[in-house]
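Report on one structure; see the data block that follows.
2 protein chains.
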Amino acid sequence: MEIFRGRRLWIESRMIRLPNGIEKKRVIVHPSNAVAILPIDGERCKLLKQYRYAIDQYIYEAPAGTMEMGEAPLQTAHRELIEETGFAAQKMQEKGFIYTTPGYTDEKIFLFEARDLSPSREYGKDEDEIIEVVDVAISDLSAMVRDGTIIDAKTICLFHHCFGC
Amino acid sequence: MEIFRGRRLWIESRMIRLPNGIEKKRVIVHPSNAVAILPIDGERCKLLKQYRYAIDQYIYEAPAGTMEMGEAPLQTAHRELIEETGFAAQKMQEKGFIYTTPGYTDEKIFLFEARDLSPSREYGKDEDEIIEVVDVAISDLSAMVRDGTIIDAKTICLFHHCFGC
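Here you go:
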C-alpha cells in the first residue's frame, strides 16, 4: 500500500516475507538514489557547509545530489559537482556505493572521486540549497571526523573509499 | 501534517523556512535514533551477516539497533550487542554519532566500540532478525570496504572512528 508519493521519495507499507518464512507488515522508504563526490585538488579537497532543514543545522558534507530520471550516476556526479561547487572535473572515478540505512530504506548513494578541477560557467545552485564551498586540507579530515566536526555518513564513507583506510 | 506514524518511524510533511527566507513544503522522515557497535576482540572483530528486507539482500553490518523509549545510547549499545551477538562487553566506548541522510531525515546513529567481550546468557534475537555472527580480521576490513563486500554506511563510519583513519 502506498503511504506517500513525492517527487523524490515514496513510502510504502507492505507484507514482507523473511527467509525464515515469517511474514510481517513493514514500512519501506524509497528515496531517489543519489551520488556523493569528493573533489580533490592536490593536498586539499572541497566540502560544502550546507544547511539541512531535517536537522535544522549547518553541516560539512561532500557535494551530493539525487539522480534525475534517466540519469546515470556518473552524469549526476558531473552535474552536481558543477551545480554545487562551480567546479567541473576532468576525472571522475567511481568508488562503489553505500546503503545509507538498509533497515528501512533501499536508498543507495554512489561514490565518486573528482580530480583535475577547473572553474565552470554552469555554476547554479537551486534556490533552496544553502551552500558554502569550503577548502579543507586532506590531512585534517581524520581529525574532523574524530572530533565530531564531520558527522555526515556518506562523507565519512567517501574518505574511506578515496584514501583507502 | 502527519503522513504516517509507526512504531519506529514517523513521517511528516510541513512548510520549512530556510535561513534565506524561502519557504517550501518538505517531507521529513523521523526514525527512532539508533546505535551501532563494533565489538573488537584482539586483532578480530565481530560483524553480522544480516538479511535486510528493504534491499532483499544479506549484507555485512556492525551490530546495531534502535533505542527503546527512555533508553540512553549506552544502554541500547549494551543490550543490542548481547541480543545480536550473544556477547556482553565490559568496556563500551562512545565514538560520537553520525547523521545517516540529513537530506530528508533527522536519524542519528550513535557509535560505540566494544571490548572485553564474554559470552552472555541473555542472547536472544528478535524472530524477525535473520542474523549470523561472523568473525573478521581487522586487517581485512579496509579491503572489504574497497571491494564492495561492506556497503553499509554506519559500519564504514564505525571503522573510521574505531581505527582512526
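For the protein sequence lines, the chains are A and B, in the order given. The first sequence stops at residue 165 when you use the numbering used here, and every number in between is there. The second sequence stops at residue 1165 when you use the numbering used here, and every number in between is there. The C-beta atom is built at its ideal place from N, Cα and C for all residues, glycine as well. If you're wondering where the values come from, they're calculated on a predicted model, not measured in any experiment.
To the nearest whole angstrom, what separates the beta carbons of ASN20 of chain A and GLU107 of chain A, a pair I think is in contact under 8 Å? Wrong, their Cβ atoms sit about 25 Å apart, outside the cutoff.
Chain B partners of ASP140 of chain A, CB-CB under 9 Å? The premise fails here: ASP140 of chain A is roughly 13 Å from chain B at the closest Cβ pair, so nothing lies under 9 Å.
Pull up the CB-CB distance for LYS46 of chain A and ASP135 of chain A, whole angstroms please, since I reckon it's below 8 Å. 6 Å
Between which two residues does the alpha helix (DSSP H) containing GLU978 of chain B stretch? Because residue 978 of chain B is not part of the residues shown, which for chain B are 1001 to 1165, the question remains open.
CA-CA distance, TYR968 of chain B and GLN90 of chain A? With chain B covering only 1001 through 1165, there is no way to say anything about residue 968 of chain B.
GLU68 of chain A lies in the alpha helix (DSSP H); which residues open and close that run? Where GLU68 of chain A is concerned, there is no enclosing alpha helix (DSSP H), given that its DSSP letter is neither H nor E.
DSSP has ALA89 of chain A in a bridge; who is on the other side? A:LEU117
For the segment 1133-1160 of chain B, which residues have a beta carbon sitting closer than 8 Å to at least one beta carbon of chain A? SER1142, VAL1145, ARG1146, GLY1148, ILE1151, ASP1152, ALA1153, LYS1154, ILE1156, CYS1157, PHE1159 and HIS1160
Going along the chain, which residues of the segment 1008-1020 of chain B sit with their C-beta nearer than 7 Å to a C-beta in chain A? LEU1009, ILE1011, ILE1016, LEU1018, PRO1019 and ASN1020
Going by DSSP, name the residue or residues bridged to GLU254 of chain A. Nothing can be reported for residue 254 of chain A: it is not among the residues displayed for chain A, which extend from 1 to 165.
Buried or exposed, going by whether 16 or more other CB atoms sit within 10 Å of the CB of GLN50 of chain A? buried
Shorter than 8 Å from the beta carbon of ASP35 of chain A to some beta carbon of chain B? Here residue 35 of chain A turns out to be Val, not Asp, going by the sequence shown. Answer no: the Cβ-Cβ gap between VAL35 of chain A and chain B never drops below 8 Å.
Let me know if GLU1061 of chain B comes out buried or exposed under the rule of 16 or more other beta-carbons within 10 Å of its beta-carbon. buried
Please return the same chain residues whose Cβ sits closer than 7 Å to the Cβ of SER1120 of chain B, not counting the five positions on each side in sequence. ILE1082, GLY1086, PHE1087 and ALA1088
Short CB-CB distance (under 8 Å) between ARG1026 of chain B and chain A: yes
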